[in-house]
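First residue of the sequence shown? That's 3 in this note's numbering, and the numbers climb one at a time after it. Here the structure is laid out as structure tokens; the discussion comes afterwards.
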Amino acid sequence: MPNYDAHVLSGVVSYPLAVALAGFLSSKGLPLELTTMAMIIGYALYVLGADLPDMDHPNALIHRGTKPIVSVLAGGATYINVAGRMNLGAEWLNTAAEWGIAVVVALIAWYAFTWLMPSHRGIVHSLLFAFIYGVLAFLLVEYGLDMSTGEGLYVGLVAFLGYTLHLVLDRSIKLV
Ligand SMILES: [Zn+2]
């Protein structure tokens with residue numbers, strides 16, 4: 003099983019092949035736009051995709067690195083929802099207590115992230131998830147970053163390819 007470095011570096015160095023494939027498809031009439039910005043965002047999501055499937059392994063760096071982000075986001079979202087609802091007298095006390103509630107949710111999210119993750123090399127290591135990752139990348143570029151549809155399609159394609167590269171190196175290419 004290739005390790006973290008092998009997965010990430012395979013993404014770092016093989017990107018010109020993904021650019022070549024996308025450029026070829028574009029020359030054949032597919033509506034992909036290889037702008038500089040799309041190619042740079044695509045590079046980031048391609049390399050991320052090359053390691054992302056190991057999210058389903060509790061000891062993998064990507065799993066351990068994502069867990070605090072998920073935990074903090076859950077805590078932050080909770081704070082937004084409870085802010086202004088406590089009344090313990092002093093304003094600072096209310097804010098601290100609201101953060102106390104946020105922290106409980108952050109802690110639950112921390113453990114749930116590992117508990118709820120499908121088992122290693124299960125569905126997360128599948129072409130279905132590669133496709134979902136590509137769609138999310140497309141949505142991020144087209145709607146999140148307000149770039150053109152052609153740029154979104156390019157980034158979505160290379161994100162899918164990066165994720166698929168991981169499956170190829172693992173030699174575990176399944177549809178689901
Ligand atoms: Zn893997």
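Don't be surprised by glycine CBs; every beta carbon is placed ideally from N, CA and C. These numbers were taken from a predicted model, which means no experiment stands behind them.
*So which of A76, T80, T97 has the shortest CA-CA distance to G86?*
One-based indexing of the sequence shown puts residue 86 at position 84. Checking every option, the nearest Cα to that of G86 belongs to T97.
*Three-way DSSP call (helix, strand, coil) for D7 in this model*: Taking the sequence shown and counting its residues from 1, the one referred to as residue 7 is at position 5. Residue state, collapsed to three classes: helix.
*asked:* What does the Cβ neighbour count give for G77, buried or exposed, with the cut at 16 atoms within 10 Å?
replied: On the sequence shown, residue 77 is found 75 positions in, with the first residue counted as 1. Counting Cβ neighbours within 10 Å, G77 comes out buried, since at least 16 surround it.
_Given this structure, state the Cα-to-Cα distance separating E93 from G102, to the nearest angstrom._
The residue labelled residue 93 in the question sits at position 91 within the sequence shown. The residue labelled residue 102 in the question sits at position 100 within the sequence shown. Rounded to the nearest angstrom, the two C-alpha atoms are 14 angstroms apart.
*asked:* I'd like the span of the alpha helix (DSSP H) that includes K69, first residue to last.
replied: Taking the sequence shown and counting its residues from 1, the one referred to as residue 69 is at position 67. That run of the alpha helix (DSSP H) goes 63–84.
_Below 7 angstroms, is the gap between the Cβ of H65 and the nearest heavy atom of ligand 1?_
For the purposes of this step, residue 65 is identified with residue 63 of the sequence shown, where counting begins at 1. No.
*Touch check for the segment 159–169 and the segment 37–54: three-plus C-beta pairs under 8 angstroms?*
yes
_heavy atom of ligand 1 below 7 angstroms from D56 C-beta_ = For the purposes of this step, residue 56 is taken as residue 54 along the sequence shown, with counting starting at 1. Yes; taking the cut-off as 7 angstroms, the Cβ of D56 has a heavy atom of ligand 1 nearer than that.
*Between the C-alpha atoms of V143 and V14, what's the straight-line distance to the nearest angstrom?*
Looking up residue 143 in the sequence shown gives position 141. Looking up residue 14 in the sequence shown gives position 12. V143 and V14: Cα-Cα distance of roughly 21 angstroms.
*Roughly how far, in whole angstroms, is the beta-carbon of G51 from the beta-carbon of L36, given that I think they are within contact range, below 8 angstroms?*
Within the sequence shown, numbered from 1, the residue matching residue 51 stands at position 49. Within the sequence shown, numbered from 1, the residue matching residue 36 stands at position 34. No, G51 and L36 are not in contact; Cβ-Cβ is about 18 angstroms, not under 8 angstroms.
*Please name the residue in S16, K69, L167 whose C-alpha comes closest to that of A114.*
Here residue 114 refers to the residue found at position 112 when the sequence shown is read from its first residue. If we check each option's Cα against that of A114, K69 comes out closest.
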